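Shown next, in structure tokens, is the structure this report addresses.
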Amino acid sequence: MPDPVSRSPDVIFGLAYGELRRLAHAVRYNRPDATLSTTDLLHEAWFKLQPLSQLQVADEAHLKRLIARAMRQVLIDGARRRTVRVRHHLENPEGTTVEPDREDHMAAALLDLDRALEDLAAVDERRAAVVECRFFGDMDVEETAKALGLSTATVKRDWRLARAWLAQALGEA
Amino acid sequence: MSDPQRPRPDAGLWQRISALFEVAVDLPPERRDAWLDAEAPDDPALRDTIRRMLLADSSENGILAQGIAPAAPLVLEPEATLAAGTRVGAFDVIGVLGRGGMGTVYAARDRHLDRPVALKFLQFRPGSGREAAERLIAEARAASALDHPNVAPIYQVGESDDGRYFIAMPQFEGETLRARLRSGPLPVAEAVGIGRAVADGLAAAHQAGIIHRDVTPGNTFLTRDGTVKLLDFGIAVLTGDHQDGGAGPGADAGAGTVPYMSPEQARGDPVDARTDVWSLGVVLYRMLTGELPFVGSSPAATLAAIRGPAPAPVLLGRTGIPGWLARVVDRALSKRPADRFADAAALRSALASPGWTRRFPPAGVVAVLLAIIAAVLLLRGGVPGRNSVSGTSSERPTLVLRTGGGTGSASQAALAEALLEDAGNRLTMLGKARVINRKQAGIPLPGWYLLELSLTGDSSAPVLTAAVRRTGQTGAHRTESRELRVADARELTQWLSALALEESGVSLTPREQASLAADFPSSIESYRAFLAGNHLLLERTPASVIDAMAQYRRARQLDSTFVRAIAREAYARSLMLDWGWQVPGESRAEVLERGMELSALALSLDSASADAWLARAYLLAARDPYHLTGAPEAFRRAIALDPYNAEAYHQYGQAEMVLGRFTAAGNAYRRALELQPDAGLTLVSMAGLAELNGQRLESLRLLDSAVAVAPTMAFALAVRAHVRALAGDAEGARADAAASLPLDPDYPVPALSAHAVAELAAGDTAAAAAWLGRALDGFSTPDAPSPDEAELTVLAALGLGRHEVALDVLERARPRGASLWYLFQHPEFTELRRTAEARRILAEADPRGP
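In order, the protein sequences belong to chains A and B.
To convert a position in the first sequence, counted from 1, into the working numbering, add 51.
To convert a position in the second sequence, counted from 1, into the working numbering, add 15.
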């Protein structure tokens, strides 16, 4: 029997996504003064969803992988909102008071990265997955290796290759 | 920003890139250029790509090197609101309509059609691509094309400049069901109305082969004019509104739609229309109780509870929720799709109980009912289920017993059920726990205990597995298995009783423990026959009661001192008498005589046998239907010995009614109803009492409840038809009579006479006369109609001015006419009462006379 997470990745993904959004929402509405890092977000989501692995997920690592994917989505959604805002200001000069700032640039870069990563996934799923774990999932080499069932040496090599390719695709080099 | 011409490698190119890079990166930097030139002499673009990659590799700058930490503000920042005037496709944003936990809904105007719309943005996930999304969107379009009043249409699915999909739909005024539920559960009628509307919309979609997949309060919109609109067909998963996350301190905050997911959905299995049936079941549960049937401390725990083996908790016994409705919800929440309603249309029909679709007739008519309704019930129908104690405030734990299917043959399953029933009977007798058996299967409140019995193993070596758990907690407290061997039947019953009590924290005195082990027959075959008899008796049809009698007889023949079997046979005989059914080869007198002998025998073996006292009480009432000599005392003994038996209270109440002691009767009924809130017959009896007191509205309310809790009880419908006719509601009476007639073909007279009085109320005397003729032909026992048959036909005959017919029926009914004296209390009898014939009948029938 396949493990339940692999049978219902949509569901787990939905849970992780909802959890991340809820946490972010809770911070910005309930504790406006609080700061919550992306790492905190991931840890919180993991903490909330981790009972799944005790209950029926044979593969804890798989869960982490889905959280990473959900985090990617949450970030991309945030980036989209940000770029809409920027464009709105640019197109409505009378309302413009804000110049694109650091976060705006970050948002644009994230959206580009997302597209480039989609291109990469089309030809090399494994290396795209390594990036998703390492970058969006904030995992170290060992965690990534566990999440994807690879050796740490492979993860290191894959990460180096994918990172280099993405960086040049994004015009960073 | 993104470059539309960005190089997208194909598989071959990517292979070359990765091969070259992995070698080059291990070379000393100064040798890389020369090596690359040699490896790809004719591809400068490729060489350039690799060189830039090598440069990036050595850099600590760039987004990937920084990680996601700097992106936190993007996540934490509140969603930017589109300003008024922003163009999205063909729409101009006007303002914000509402904010859900996951997104903003905008009010906008369609520039071309100049009409207001609501805009919602859809969300996609990386990896799954837009293909799946587009399939869902196609489905949403198909659903919106259904043009059903309970399905919100979608005007357009569009793509905004920044590549986000959005949908445009009409603006509705009102609120979502989710918002409504923040102030707590809804009145039953409103919940049923909303459930029915949602089911209606879903039924149309299912008919067209479309599944919603996400029926939730957040997707159910209640417009100001009272219409219910189901939103976001197919695409709910993309609109984000399905997420309850962050919506407030509600029970499911953060749990998303997880609480509404069907088990198959939670497992990621393929779904069909029945997933919507499940979700609507959860919505109904939530509307009725304000709570969710499955909820854990985290989404994961909720998900585990949904797809785990634990059944949904039972609604039955909740104050104000009728039994039939609890059963509908329970069935919608069956873990196995095959056990649910096949689709929304089936659920819709189940929700369309006539008890809820009709209103009270206007109360203007002050006709007083021919006030015998309750009393004559003494001899018709039993109150179902003795081990059905629920809904009262008490220190006793509530225990729900049910069988959960499993493997094994039909006869093994029947044996398992019978064992559980017997364990339930024993526990009820002890009075240490309130026991609800599987016949009233439903939906426990948090803190109830569930004992679920299932059969595992193959049919040659079946194994009984009993799992006890506490509702509101996931996972079984305790699971034990025993081999199902007929030879061990006694031990198995004791085992089940003990297991249930121990786990629900009940401690027993040694004497009580002994009683759990008491009165088993010496022969296993005898016990098995006894269990089979109990099982048959629950069906309460003539054939099943006769078969039950045969099983009890066999049980006592195998063990001549088996008191319970003897008492139950006497009880089965009393039921045959009560209901006017023939025992083949025996006259009524013989049925009665043998029953009396058996109850005397049982009491000589065990003077504390509640079963035997109850049987004796019934038999005494049948022997002396006018004065019930000895019956009330016997009922009181039965009640004292088994104080949690709703049926005994009910029947005792009937006896007191016959004897004209209405206060005592009312108290007994109330106690019976307390013990078994869905006892339809008790409600009908209480309605009769209310009529006697001139409380027409109260009577109609009670009858509405009776029909609601027992929608298939022909007699309740027939009685309501009569009362409605007396109240001048001819249409309501006609509908009830028509609904009643097909439900009990063995006993058509109440429905036929109800038709007659309904036509009288409508002024059609010819039709009324025709129905009366059919009623007269329909008496169950031609020579001696039962009191309720007599009463209802006499009422119709008097309405038609047919005094001679009324007197004839009264005369014929005398042998069984326990309560005929009531008839004469009614104003409609005033004229009849003056006749010598009537006076003679009255003199004999009035138990209060000399």
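Cβ coordinates follow ideal geometry from the N, Cα and C atoms, glycine included.
This one's a predicted model, so the numbers in the text were calculated from it and none came from an experiment.
Item to check | Other residues of its chain near Pro399(B): CB distance less than 6 Å, five sequence neighbours each side excluded | outcome: As a working note, residue 399(B) is residue 384 in the second sequence. With a pLDDT of 32 at Pro399(B), under the threshold of 50, the modelled position of this residue cannot be trusted, and the question is left open.
Checklist entry - Taking Cβ positions only, does Ala158(A) come closer than 9 Å to chain B? => result For the purposes of this step, residue 158(A) is taken as the residue at position 107 of the first sequence. Yes, Ala158(A) counts as interfacial toward chain B.
Next on the checklist: List, in chain order, every chain A residue whose beta-carbon is nearer than 7 Å to that of Ser33(B).
Outcome noted: As a position in the second sequence, residue 33(B) is number 18, starting the count at 1. By Cβ distance, chain A contributes Leu212.
Checklist entry - Hey, which unbroken runs of the alpha helix (DSSP H) at 4 residues or more fall wholly within the stretch 768–798 of chain B? => result 780–792
Item to check | Leu70(B) - DSSP class collapsed to helix/strand/coil | outcome: Within the second sequence, the letter at position 55 stands for residue 70(B). Of the three classes helix, strand and coil, the one that applies to Leu70(B) here is helix, per DSSP.
Checklist entry - How about the stretch 288–295 of chain B and the stretch 207–225 of chain B: do they share at least three Cβ pairs that are nearer than 8 Å? => result yes
Checklist entry - Would a check of beta-carbon distances place Val182(A) closer than 9 Å to chain B? => result Taking the first residue of the first sequence as position 1, residue 182(A) is located at position 131. Yes, Val182(A) counts as interfacial toward chain B.
Next on the checklist: Considering only the alpha carbon of each residue, which of Ala636(B), Leu857(B), Ala219(B), Arg735(B) lies closest to Gly610(B)?
Outcome noted: By 1-based counting over the second sequence, the position of residue 610(B) is 595. Of the listed residues, the one whose Cα sits closest to Gly610(B) is Ala636(B).
Checklist entry - Just reading off the alpha helix (DSSP H) that Pro131(B) is part of, what are its end residues? => result The residue you call residue 131(B) lines up with position 116 of the second sequence. Note, Pro131(B): premise wrong, no alpha helix (DSSP H); beta strand (DSSP E) at 130–136.
Checklist entry - Taking only beta-carbon atoms, is Val125(A) less than 9 Å away from chain B? => result Translated into positions along the first sequence, residue 125(A) becomes position 74. Cβ-Cβ to chain B under 9 Å: yes for Val125(A).
Item to check | Enclosing beta strand (DSSP E) for Met184(B) [first to last residue] | outcome: Along the second sequence, read from residue 1 onward, the residue named residue 184(B) stands at position 169. Segment 180–184, the beta strand (DSSP E) holding Met184(B).
Checklist entry - Given 8 Å as the limit, is there contact between the stretch 178–188 of chain A and the stretch 116–123 of chain A, that is, 3 or more CB pairs closer than that? => result yes
Checklist entry - Secondary structure at Ile169(B), three-state DSSP: helix, strand or coil? => result Looking up residue 169(B) in the second sequence gives position 154. Here Ile169(B) sits in coil by DSSP.
Next on the checklist: Mapping the DSSP letters down to three states, classify Val207(B) as helix, strand or coil.
Outcome noted: Locating residue 207(B) in the second sequence gives position 192, counting from the first residue. Val207(B): helix per DSSP, three-state reduction.
Checklist entry - Out of curiosity, what's the CA-to-CA distance linking Ala196(A) and Lys115(A)? => result Within the first sequence, residue 196(A) is the residue found at index 145, counting from 1. Within the first sequence, residue 115(A) is the residue found at index 64, counting from 1. The alpha-carbon atoms of Ala196(A) and Lys115(A) are separated by roughly 12 Å.
Checklist entry - Going along chain A in order, which residues have a C-beta closer than 7 Å to the C-beta of Thr64(B)? => result Numbered from 1 along the second sequence, position 49 holds the residue referred to as residue 64(B). Result: Gln219.
Next on the checklist: Quick check on DSSP: helix, strand or coil for Arg133(A)?
Outcome noted: Start at 1 with the first residue of the first sequence, and residue 133(A) comes out as number 82. Helix.
Item to check | Extent of the continuous beta strand (DSSP E) to which Lys350(B) belongs | outcome: For the purposes of this step, residue 350(B) is taken as residue 335 along the second sequence, with counting starting at 1. From DSSP, Lys350(B) is part of no beta strand (DSSP E); its letter is neither H nor E.
Item to check | Proximal residues of chain A, C-beta to C-beta of Phe36(B) below 9 Å | outcome: Indexing the second sequence from 1 puts residue 36(B) at position 21. By Cβ distance, chain A contributes Arg211, Leu212, Ala215, Trp216.
Checklist entry - Under 9 Å between the Cβ atoms of Leu126(A) and Val90(B)? => result Locating residue 126(A) in the first sequence gives position 75, where the first residue counts as 1. Locating residue 90(B) in the second sequence gives position 75, where the first residue counts as 1. For Leu126(A) and Val90(B), yes; Cβs fall inside 9 Å.
Next on the checklist: Let me see if you follow: with CB-CB separation under 9 Å, is Leu161(A) close to chain B or not?
Outcome noted: Translated into positions along the first sequence, residue 161(A) becomes position 110. Interface residue, yes.
Checklist entry - So which residues of chain B does Arg208(A) contact, with C-beta pairs closer than 8 Å? => result The count along the first sequence starts at 1 and reaches residue 208(A) at position 157. Here the neighbours are Glu37.
Item to check | Contact set for Leu511(B): own chain, Cβ-Cβ below 8 Å, skip 5 residues either direction | outcome: By 1-based counting over the second sequence, the position of residue 511(B) is 496. Here the set comprises Leu434, Leu435, Ala438, Leu466, Leu468, Ala481.
Checklist entry - Just how far apart, CA to CA, sit Leu634(B) and Leu643(B)? => result The residue labelled residue 634(B) in the question sits at position 619 within the second sequence. The residue labelled residue 643(B) in the question sits at position 628 within the second sequence. Straight-line Cα distance between these residues: approximately 9 Å.
Checklist entry - How many angstroms separate the CA atom of Leu756(B) from the CA atom of Trp786(B)? => result Position 741 of the second sequence, counted from the first residue, corresponds to residue 756(B). Position 771 of the second sequence, counted from the first residue, corresponds to residue 786(B). Going from the Cα of Leu756(B) to the Cα of Trp786(B) covers about 12 Å.
Next on the checklist: Between His191(A) and chain B, is the shortest Cβ-Cβ distance under 9 Å, so that the two count as touching?
Outcome noted: Locating residue 191(A) in the first sequence gives position 140, counting from the first residue. Note on identity: in this sequence residue 191(A) is Asp, with His being the wrong assignment. Output row for Asp191(A): interface = no.
Next on the checklist: Please list, in chain order, the chain B residues whose beta carbon lies closer than 9 Å to that of Glu154(A).
Outcome noted: Looking up residue 154(A) in the first sequence gives position 103. Neighbours of Glu154(A) on chain B, chain order: Pro85, Ala86, Pro88, Leu89, Glu92.
Checklist entry - When the Cα of Gly338(B) is compared with those of Gly595(B), Ala623(B), Val724(B), which residue comes out closest? => result For the purposes of this step, residue 338(B) is taken as the residue at position 323 of the second sequence. Among Gly595(B), Ala623(B), Val724(B), the Cα nearest to that of Gly338(B) is on Val724(B).
Item to check | Secondary structure of Tyr121(B), DSSP reduced to three states | outcome: Here residue 121(B) refers to the residue found at position 106 of the second sequence. In this structure, Tyr121(B) counts as strand in the three-state DSSP scheme.
Checklist entry - Are any of the Cβ atoms in chain A nearer than 9 Å to that of Arg67(B)? => result Translated into the one-based positions of the second sequence, residue 67(B) becomes position 52. Taking Cβ atoms only, chain A reaches closer than 9 Å to Arg67(B), which makes this a yes.
Item to check | Exposure of Asp657(B), with buried meaning 16 or more beta-carbon neighbours within 10 Å | outcome: As a working note, residue 657(B) is residue 642 in the second sequence. Its Cβ being crowded by 16 or more others within 10 Å, Asp657(B) is buried.
Item to check | Three-state secondary structure (DSSP) of Ala4(B) | outcome: With chain B covering only 16 through 865, there is no way to say anything about residue 4(B).
Checklist entry - Going by other Cβ atoms of all chains shown within 10 Å of its Cβ, with 16 needed for buried, is Glu584(B) buried or exposed? => result Stepping through the second sequence from its first residue, residue 584(B) is reached at position 569. So Glu584(B) ends up on the buried side.
Item to check | Nearest residue (CA-CA) to Met184(B), options Ala220(B), Phe106(B), Ala212(B) | outcome: In the second sequence, counting from the first residue as 1, residue 184(B) sits at position 169. Ranking Ala220(B), Phe106(B), Ala212(B) by Cα distance to Met184(B) puts Phe106(B) first.
Next on the checklist: Report the CB separation of Ala218(A) from Ala71(B) in whole angstroms; it is logged as a contact under 8 Å.
Outcome noted: Working through the first sequence from its first residue, we reach residue 218(A) at position 167. Working through the second sequence from its first residue, we reach residue 71(B) at position 56. Confirmed, about 3 Å.
Next on the checklist: Here's the rule I'm using: 16 or more other beta-carbon atoms within 10 Å means buried, otherwise exposed. How should His892(B) be labelled?
Outcome noted: Residue 892(B) is absent from the structure shown; chain B starts at 16 and stops at 865.
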